[in-house]
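In the working numbering, the protein residues as written are 98 to 417.
The beta carbon of each residue, even a glycine, is placed where N, CA and C say it ideally should be.
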Amino acid sequence: MDLDGLLAAQHGLIGRAQAHACGLSDRRIEWRVESCRWRRIHHGVYATFTGPLTFEAQVWAAILRAGRGAVASHRTAAYLDGLCDDPGPVVHVTAPAERHVRGKTDGVRIHYAHRLPLTRHPSKSPPRTRLDETVLDLVDVAPHPRDVDGWVTAACQRRLSTPERLADALARRKKIRWRPMVEAMLADVAAGAQSPLELRHLRRVERAHGLPTGHRQRRIAGNRVIWIDVDYTEYQVRIGHVGEGRFRDRRRDNRATIDGHATLRYGHADVFGDPCAVAAEQARLLQARGWTGAARPCAPSCPAPMIIGDRPQRGVADRR
């Protein structure tokens, strides 16, 4: 590739070795820097324009600094692919594990991977890891289970991946942090839990307290298609999770009430802050609508059965 074509592909960034391959000597490179035609961004990496670097240019500069075979990864790759809306303060790149980049580079974090040829996307620019691999890279460095929830559900909620594809990528990894949790989570996401809030409701409200199993992400077609977060069809009870579009949700709830359905709606403060109280409220409504089961305590100190006056029973199957 000629110099102009290379610079166009790399958002105006070039590495010293690339400049040599285009016929520029060290002396010619230094002259361009000293005359302010080029400027040094990292060791051996130059911008051939003035003014601030775009995000893509910053990514190219980090990749060129990391050297041959390096790609954007982790949160940087996630931002490039639309998995998150904030790239964070550091550009993340991954280089082949067989070599090491010497020295510290401000604003760049370099990771190393043995499987990089397999996890690298074949065509995207700037070069980056495949999206499923990006999700698992972020899971592997996640400090808290809630972060794991966030990355996995975001990939599926934004229609960037599927539980099946993520499970395939997970199976190809020999070592990864949080593996049992991710495997269980992928099964729950496949069942319809599309956000950390919905996962929390499924696990800590419904399952933990022995409530009936609802139908998740139920599609109802009419004049306009609507989606029900959790639908207990037999009892005409619906559960919604508060987020964006509250006015739309209110109109949907009003229509459901007219049709004989009762709707309960919960936000993060409810489901994360007091899942036992949410379970008690749901159980009370379900019982009023024909459920013959009883909420069970999720722990010895769980107040849910006492709130609704249930006497916990073991070994009693709930009617679905």
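Contact between valine 279 and valine 236 holds: their C-beta atoms lie close to 6 Å from each other, under 8 Å. Counting only runs of 3+ residues, the beta strand (DSSP E) found wholly inside the segment 255-338 occupies 312-317, 323-329 and 334-338, in chain order. Per DSSP, the beta bridge partners of histidine 208 are Thr191.
Per the Cβ contact rule, the segment 155-171 is in contact with the segment 208-215 (3 or more Cβ pairs under 8 Å). Short of 6 Å from the beta carbon of histidine 189, and not among the five residues preceding or following it, lie these beta carbons of its own chain, in chain order: Ser170, His171, Arg172, Thr173 and Arg206. With contacts defined as CB atoms closer than 8 Å, arginine 225 and leucine 177 qualify as a contacting pair. For the pair glycine 164 and valine 198, the CB atoms are nearer than the 8 Å cut-off.
In the three-state DSSP reduction, leucine 233 falls in the helix class (H, G or I). Rounded to the nearest whole angstrom, the C-alpha separation of arginine 113 and glutamate 131 is 15 Å. For the pair proline 223 and valine 156, the CB atoms are nearer than the 8 Å cut-off. Secondary-structure assignment with DSSP links valine 168 through a beta bridge to Thr191. A distance below 7 Å between beta-carbons, with the five flanking residues on each side excluded, links alanine 377 to the following residues of its chain, in chain order: Ala392, Ala401, Ile404 and Ile405. Membership of arginine 137 in the beta strand (DSSP E) is indicated by the continuous run 136-139. Glutamate 195 is classed as exposed because its beta carbon has fewer than 16 other beta carbons within 10 Å across all chains shown. Glycine 200 and alanine 192 have their C-alpha atoms roughly 14 Å apart. Distance from the CA of glycine 141 to the CA of arginine 162, rounded to the nearest whole angstrom, comes to 7 Å. Taking a contact as a CB-CB distance under 8 Å, the pair alanine 159 and glycine 109 does not count as one, their CB atoms being some 14 Å apart.
Within its own chain, the residues whose Cβ lies closer than 8 Å to the Cβ of aspartate 285, once the five positions on either side in sequence are excluded, are Leu296, Leu299 and Arg300, listed in chain order. Just so you know, the alpha carbons of glycine 120 and arginine 136 end up roughly 19 Å apart. In the structure shown, leucine 150 falls within a coil segment according to DSSP collapsed to helix, strand and coil. Secondary structure note for leucine 361: its beta strand (DSSP E) is the uninterrupted segment 359-363.
The beta carbon of leucine 361 lies closer than 7 Å to those of Ile336, Glu378, Gln379 and Leu382 in the same chain, with the five residues before and after it left out. Listed as beta-bridge partners of leucine 110 by DSSP are Ala144.
Counting only the Cα atoms, threonine 216 lies some 27 Å from glycine 102.
Membership of alanine 396 in any alpha helix (DSSP H) is not indicated, and neither H nor E is assigned to it by DSSP.
Taking 8 Å as the cut-off, the Cβ atoms of serine 292 and threonine 250 count as close.
Annotation for proline 372: the continuous alpha helix (DSSP H) segment containing it runs 372-385.
Spanning the alpha carbons of arginine 129 and proline 240 requires a straight line of approximately 45 Å.
Nearest to leucine 257 by alpha-carbon distance, out of Arg274, Glu230 and Trp275, is Glu230.
In the displayed model, threonine 389 falls within coil according to three-state DSSP, outside both helix and strand.
When secondary structure is reduced to three states using DSSP, threonine 250 falls in the helix class. If you ignore the 5 residues before and after leucine 263, its C-beta comes within less than 7 Å of the C-beta of Asp229, Val232, Val249, Ala252 and Leu283, all in its own chain and listed in chain order.
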